[in-house]
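To start, the structure under review is shown below, and the notes come after it.
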Amino acid sequence: MDDVFSNFDLVLKAFWMTVQLAVLSGVAAMVLGTLLAAMRVGPVAVLRTVASTYVTVVRNTPLLVMCVFVFFAAPNLGLLVGTPFLVKGTIAVGLYTAPFVAEAIRSGVNAVPLGQAEAARAIGMTFAQNMRHVVLPQAFRASVPPLASTLIAMTKNTSVVAVFGIMEATARMRYFVNRNADDTILIFVVFAIGYILLVELISLGAVGLERRWKAAR
Amino acid sequence: MRLTRLKVAAAAVLVASTLAACGDAGDDDDKGLDVDVQDNAAEEFDAGTRMRELADAGSIKIGVKYDQPGIGFKGATDDTPVGFDPEIGKILAADLGIAPEDIDWVETISANREAFLQKGEVDLVIASYSITDERRQVVGQAGPYYVTGQQLLVKSDSDIESIEDVKGTEVCSVTGSTSLANIEAEGATPRGFDTYSECVDQVLNGTVDAMTTDGAILLGYAAEHPDELKVVVEPFSEERYGVGYSIDHPEMCDWITETIEDAQEDGDWAAAFEVTLGKSGVETPEPPAMDPCA
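These protein sequences, in sequence, are chains A and B. Heads up, the first sequence is in this note's numbering, so the first residue is 1 and it goes up one at a time. Heads up, the second sequence is in this note's numbering, so the first residue is 218 and it goes up one at a time.
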């Protein structure tokens, strides 16, 4: 255990890597997911098909397989060879999480009463204006709890890249476990607490957003 | 007509048995050495010892690596693992009167070796298991039966020649391994992967600059790609492989130590080396001196 506390900077650096991965992948997944959700509820049939195909294919692919594509298959084909590992991790986790975000937002959109969208159309708003000013703000409010769950799952999912060359929290945990065979349980506990703290931050953020947007109603 | 059919059947049986014999002959090459299995081994050990229990039971569970060519490797179509570690396992089992086919091979990965010994999932761990003080707190380790050192595997056109050159480069190994920790201490960016073969792949496609682990394993991979890969730098660590046993059975230490010392003297150790690690072209080293048991 002394080894962990006397090298605590390594623990913090590893969790910082986890945070970077989670934030970058989270932003990527939110942007792509919102786009996909808009395509799926939108009026253009081609885009609807494209978005639902993406959701079906990627949501049914394990994250590990996604990582194998990005970290092993792509470089073997000469793609992404010079790309930093953090970017590759963001691509894998972000692309994987996007369909879950899209479905959370789509459920939010479906929760907005039809009359809202009809009223917006009646006063002459285009589809884009309708989405931006009327439907999506209400949809995001209804999507906060499922989105929080998705982002929490994603944060924990970043641990998969521990075996794809990125020294994040789980990889660092294995480093300490290997060096301190007599202390494994305590090391697991320390890193579990780290993950709990990260996830609690997201939960608290979600609670805060819910409270704030409730007042706006 | 009936006769013809019989003839065909007889011919078929003949061909089949010839082929089977050929197959057997081929397998024997891969299966490594024949060991002399002790008769009535159980009587050699005092009642109540773990060795007596194992000899009476007639089977033993040995944990080895399945993903390290030369050390301990099991291909998708293989029935049993091959490598230097399984050979040592066979020598130990033979001393208990247990034939190689009665050994229960179990895959152990670096992270579960202590847990498997503590919970009795395996009786012995022979899995490139470096002896360390921390590990000796929780499990027994007899040995070393082999001493190796960490080196680097790079592309043939790489500029890395000495250990100082790794500063600022990306070097891969297995996540959580001692090798990865050592190379991080040398100033390289550590890139951990699940298996050594994935790591070699990253070197071959140019994603990382080098791979690092025990020289013996690297030589095996270099031999697979002689035009593309080479092993460089002097060994910069000393890994002393030991045989892991449960700390609840301290009497096993003397038995393991003596059995391996006997094998070192009568040439079984060298023979085991030659059919496994020796295949990559390295000379058979002098067997290391075993630590005395506490």
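Backbone N, C-alpha and C fix where the C-beta goes; we use that ideal spot for every residue, glycine too. Since this is a predicted model, take the numbers as computed values, not measurements.
Alpha carbon to alpha carbon, what distance is there between Val254 of chain B and Gly432 of chain B?
Taking the first residue of the second sequence as position 1, residue 432 of chain B is located at position 215. Taking the first residue of the second sequence as position 1, residue 254 of chain B is located at position 37. Cα to Cα, the separation comes out at about 32 Å.
Kindly indicate if chain A contains any beta-carbon less than 9 Å away from that of Gln367 of chain B.
As a first step, residue 367 of chain B must be located in the second sequence, where it is residue number 150. Not one beta carbon of chain A lies nearer than 9 Å to the beta carbon of Gln367 of chain B.
Establish whether the CB of Asp376 of chain B and some CB of chain A are separated by less than 9 Å.
Mapped onto the second sequence, residue 376 of chain B falls at position 159. No - not a single Cβ of chain A is within 9 Å of the one on Asp376 of chain B.
Please give the ranges of any alpha helix (DSSP H) in the stretch 410-461 of chain B, keeping only runs that are unbroken, at least 4 residues long and fully inside the region.
413-421 and 432-441
Enclosing alpha helix (DSSP H) for Glu118 of chain A [first to last residue]:
For the purposes of this step, residue 118 of chain A is identified with residue 118 of the first sequence, where counting begins at 1. Residues Leu114 to Ala122.
Using a cut-off of 8 Å between C-beta atoms, extract the partners of Gln354 of chain B located in chain A.
As a position in the second sequence, residue 354 of chain B is number 137, starting the count at 1. Result: Ala181 and Asp182.
Should Arg179 of chain A and Glu351 of chain B be called a contact, given that it needs their Cβ atoms to be closer than 9 Å?
Within the first sequence, the letter at position 179 stands for residue 179 of chain A. Within the second sequence, the letter at position 134 stands for residue 351 of chain B. Yes, the pair counts as a contact, with Cβ atoms nearer than the cut-off.
Cβ distance (whole Å) where Gly366 of chain B is taken to contact Phe301 of chain B below 8 Å:
Numbered from its first residue, the second sequence carries residue 366 of chain B at position 149. Numbered from its first residue, the second sequence carries residue 301 of chain B at position 84. The pair is not a contact, with the Cβ atoms about 15 Å apart (cut-off 8 Å).
From Gly94 of chain A to Met167 of chain A, what distance separates their C-alpha atoms?
Taking the first sequence and counting its residues from 1, one reaches residue 94 of chain A at position 94. Taking the first sequence and counting its residues from 1, one reaches residue 167 of chain A at position 167. Counting only the Cα atoms, Met167 of chain A lies some 18 Å from Gly94 of chain A.
With a threshold of 9 Å between beta-carbons, can Pro75 of chain A be considered close to chain E, or not?
In the displayed structure, chain E is absent; the protein chains listed are A and B.
Taking its Cβ as the centre, do 16 or more other Cβ atoms sit within 10 Å of Cys239 of chain B, making it buried, or is it exposed?
Start at 1 with the first residue of the second sequence, and residue 239 of chain B comes out as number 22. Note that Cys239 of chain B has pLDDT 48, beneath the 50 cutoff, so the model's placement of it is unreliable and no number is given.
For Arg174 of chain A, go through chain B and note every residue whose CB falls closer than 7 Å to its CB, in chain order.
As a position in the first sequence, residue 174 of chain A is number 174, starting the count at 1. Simply Ala328, Thr392 and Gly393.
Can you name the residues of chain A whose CB is closer than 8 Å to the CB of Gly357 of chain B?
If you number the second sequence from 1, residue 357 of chain B lands on position 140. Going along chain A, no residue has its Cβ under 8 Å from Gly357 of chain B, so there is no contact; the nearest lies around 12 Å.
Rank B:Gly484, B:Arg408 and B:Trp472 by C-alpha distance to the C-alpha of Pro84 of chain A and give the top, closest one.
Locating residue 84 of chain A in the first sequence gives position 84, counting from the first residue. A check of alpha carbon separations from Pro84 of chain A across B:Gly484, B:Arg408 and B:Trp472 identifies B:Arg408 as the nearest.
Rounded to whole angstroms, what is the Cα-Cα separation between Asp296 of chain B and Gly360 of chain B?
Counted from its first residue, the second sequence places residue 296 of chain B at position 79. Counted from its first residue, the second sequence places residue 360 of chain B at position 143. One C-alpha to the other measures close to 28 Å.
What is the rounded straight-line gap between the Cα of Leu271 of chain B and the Cα of Thr430 of chain B?
Counting from 1 along the second sequence, the entry for residue 271 of chain B is found at position 54. Counting from 1 along the second sequence, the entry for residue 430 of chain B is found at position 213. For Leu271 of chain B and Thr430 of chain B, the distance between alpha carbons rounds to 34 Å.
Can you list the residues of chain B that Val163 of chain A reaches, using a CB-CB cut of under 7 Å?
Against the first sequence, residue 163 of chain A aligns to sequence position 163. The contacting residues are Thr392, Gly409, Phe410 and Asp411.
Under a CB-based cut-off of 9 Å, is Val4 of chain A close to chain B?
Looking up residue 4 of chain A in the first sequence gives position 4. No, Val4 of chain A does not count as interfacial toward chain B.
Pairwise C-alpha distance: Thr56 of chain A and Glu200 of chain A
Counting from one through the first sequence, the residue named residue 200 of chain A turns up at place 200. Counting from one through the first sequence, the residue named residue 56 of chain A turns up at place 56. Going by C-alpha positions, Glu200 of chain A is about 30 Å away from Thr56 of chain A.
Do Leu198 of chain A and Val19 of chain A have their CB atoms nearer than 9 Å?
Counting from one through the first sequence, the residue named residue 198 of chain A turns up at place 198. Counting from one through the first sequence, the residue named residue 19 of chain A turns up at place 19. Yes. Within cutoff.
With a Cβ-Cβ cutoff of 9 Å, do Gly337 of chain B and Ser463 of chain B count as a contact?
Within the second sequence, residue 337 of chain B is the residue found at index 120, counting from 1. Within the second sequence, residue 463 of chain B is the residue found at index 246, counting from 1. Contact flag set, yes.
Gly461 of chain B beta carbon less than 9 Å from that of Val342 of chain B
Here residue 342 of chain B refers to the residue found at position 125 of the second sequence. Here residue 461 of chain B refers to the residue found at position 244 of the second sequence. Yes, the Cβ-Cβ distance between Val342 of chain B and Gly461 of chain B is below 9 Å.
What span of residues does the beta strand (DSSP E) with Lys278 of chain B cover, start to end?
If you number the second sequence from 1, residue 278 of chain B lands on position 61. From DSSP, the beta strand (DSSP E) with Lys278 of chain B extends over Ile277 to Val281.
Residues bridged to Val371 of chain B by DSSP?
Locating residue 371 of chain B in the second sequence gives position 154, counting from the first residue. B:Ala427 and B:Lys447, per the DSSP bridge assignment.
Checking contacts by CB at 9 Å: is Ile91 of chain A closer than that to chain B?
By one-based count along the first sequence, residue 91 of chain A stands at place 91. Output row for Ile91 of chain A: interface = no.
Quick one: measure Cβ to Cβ for Glu304 of chain B and Thr474 of chain B, integer angstroms, because I've assumed they're closer than 8 Å.
Counting from 1 along the second sequence, the entry for residue 304 of chain B is found at position 87. Counting from 1 along the second sequence, the entry for residue 474 of chain B is found at position 257. Incorrect: roughly 17 Å between the Cβ atoms, too far for contact.
Among B:Met469, B:Ala480 and B:Gln481, which residue has its Cα nearest to the Cα of Cys510 of chain B?
Counting from 1 along the second sequence, the entry for residue 510 of chain B is found at position 293. Among B:Met469, B:Ala480 and B:Gln481, the Cα nearest to that of Cys510 of chain B is on B:Met469.
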